[in-house]
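As structure tokens, the structure follows; a few thoughts come after it.
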Amino acid sequence: MRPAELDRLTVAEAADRYVELVRAKTLTGALSASTAEVYARDVATLVALAGERVVLDDLTGEDVDAILLAFARKPDGRGGGGDRGGRGAGARGGGAQSPSSQARFRRSISALFKHAALAGWVQINPMTQSTVTAKVRGGLRPQRRALTREQAQGLIGAARTLPQAAPEEGKRRDQRMELRDAVIVLLLSTMGPRVSELVRANVEDFFTNDGVRYWRIFGKGGRTRDVPLPGDVARVLQVYLEEGRAAEVQDKALLLSWRGRRLARGDVQAVIDRVQRRVDPDQRRSVTPHGLRHTTATHLLADAVDMDAVRRVLGHSDLSTLGRYRDELPGELEVAMRAHPLLRGKPGD
1 MRPAELDRLT
11 VAEAADRYVE
21 LVRAKTLTGA
31 LSASTAEVYA
41 RDVATLVALA
51 GERVVLDDLT
61 GEDVDAILLA
71 FARKPDGRGG
81 GGDRGGRGAG
91 ARGGGAQSPS
101 SQARFRRSIS
111 ALFKHAALAG
121 WVQINPMTQS
131 TVTAKVRGGL
141 RPQRRALTRE
151 QAQGLIGAAR
161 TLPQAAPEEG
171 KRRDQRMELR
181 DAVIVLLLST
191 MGPRVSELVR
201 ANVEDFFTND
211 GVRYWRIFGK
221 GGRTRDVPLP
231 GDVARVLQVY
241 LEEGRAAEVQ
251 DKALLLSWRG
261 RRLARGDVQA
271 VIDRVQRRVD
281 PDQRRSVTPH
291 GLRHTTATHL
301 LADAVDMDAV
311 RRVLGHSDLS
321 TLGRYRDELP
331 GELEVAMRAH
341 PLLRGKPGD
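If you're matching positions, the sequence shown starts at 1 in the UniProt record's numbering and goes up one per residue.
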């Protein structure tokens, strides 16, 4: 139920208030001092991963998923002493958080959000919309990581061929969704919108200025951003608007089901999976819509695109938030060292 009066605290402000409350409970014996310190440490980690200036109510289930996955990748931080049973950090895949640590972190932030919902700091507890569980080995499902360049290019290439694809046997013309599917995959892969932003998009949100096609994206917290479409994506979009989307449909939604209704969030994964089946098996890897958001951020940052530009593409208010959308790429360090800025020219050249 929506609170009568919402207190739009930042993540840092909410954390400070919550930790103060937790520590007060130790005075009454409701919590032990050691438990209170664990909560305080986990909440401080939440602030670091979410961004201290982000408004707590703006966090969604997708954001919580990203935070949980970022925590799972964090180095254990306990040095080389190993854990119980004589196993070193290597037993957890290079020092990443153990499943028990991930479960503890999830409990800690769940308690914070439960209190936040009661206190009127959030309208909806985002933990109820989270899909990541700590029981997944290593805490990080492969389909939620960024695709490699080859995998992303394979998916984009398959999407580009959809407009010329032969109709599926047994399907009527009004049930053909190839152009729509191409638009979905291309927008997700190259612009990294939240899946909620994608399905909420209307035809009127796309406009042209000085020959460049833009998408006015309505994001979290009532914020909007105008993001230019890559040329190839703009051309496929135009074909879809002219040929793939029935003009007589009254619904203003950009993406429609074959019945003419606005596409639901849950339908987007099925579209990605359908396009993936056209990708060469050597380049194919399962991925979620949020994994494609990771892919956009990772490759833009790896290509040295200005961090503030990437922030604006993704719709974040704080640069620090980009850290959780940045995945390592194979061969990235080798390329960086080969092109070292201090070794590009000889003295005197």
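Note that the Cβ used here is the ideal one computed from N, Cα and C, for glycine as well.
Note that the structure is a prediction, hence the values are computed from the model and not measured.
Helix, strand or coil at residue i according to DSSP, with G and I counted as helix
i, result
"leucine 198", "helix"
"proline 75", "coil"
"arginine 311", "helix"
"residue 379", "Only positions 1 to 349 of the chain appear in this structure, which leaves residue 379 out of reach."
"alanine 304", "coil"
"glycine 81", "Summary for glycine 81: the model assigns pLDDT 40, below 50, so the residue's position carries little reliability; its value from the coordinates is reported in the next sentence. Note: glycine 81 maps to coil in three-state DSSP."
"valine 279", "coil"
"glycine 94", "With a pLDDT of 48 at glycine 94, under the threshold of 50, the predicted position of this residue should be treated as unreliable, and no value is reported."
"leucine 241", "helix"
"alanine 253", "strand"
"valine 64", "helix"
"valine 47", "helix"
"valine 122", "coil"
"valine 55", "strand"
"arginine 285", "coil"
"alanine 234", "helix"
"serine 317", "coil"
"valine 268", "helix"
"aspartate 273", "helix"
N-terminal and C-terminal residue of the beta strand (DSSP E) that residue i is part of
i, result
"threonine 208", "206-209"
"arginine 262", "Run containing arginine 262: none; DSSP gives neither H nor E here."
"tyrosine 214", "212-218"
Presumed contact (8 Å Cβ cut-off) between residue i and residue j, rounded CB distance
i, j, result
"residue 350", "arginine 200", "Lying outside 1 to 349, the shown extent of the chain, residue 350 is not represented and no answer is given."
"valine 43", "alanine 15", "5 Å"
"threonine 131", "glycine 61", "7 Å"
"leucine 322", "valine 310", "6 Å"
Beta-carbon spacing of residue i, residue j below 8 Å
i, j, result
"threonine 45", "phenylalanine 71", "yes"
"valine 275", "leucine 188", "no"
"alanine 152", "threonine 288", "no"
"alanine 40", "valine 19", "yes"
"arginine 213", "proline 193", "no"
"leucine 319", "valine 239", "no"
"glycine 260", "aspartate 273", "no"
"glutamate 197", "isoleucine 217", "yes"
"alanine 50", "leucine 59", "yes"
"valine 183", "valine 268", "no"
"arginine 8", "valine 55", "yes"
"valine 271", "aspartate 181", "yes"
"valine 233", "threonine 298", "no"
Opening and closing residue of the alpha helix (DSSP H) in which residue i lies
i, result
"proline 228", "Note, proline 228: premise wrong, no alpha helix (DSSP H); beta strand (DSSP E) at 224-228."
"leucine 187", "178-191"
"histidine 115", "99-119"
"glutamine 151", "149-161"
"valine 22", "11-28"
Any C-beta of chain C under 8 Å from that of residue i
i, result
"leucine 31", "In the structure shown, chain C does not exist; there is a single protein chain."
Worksheet item: Can you find at least 3 beta carbon pairs, one from the segment 108-127 and one from the segment 144-153, that sit closer than 8 Å?
Response: no
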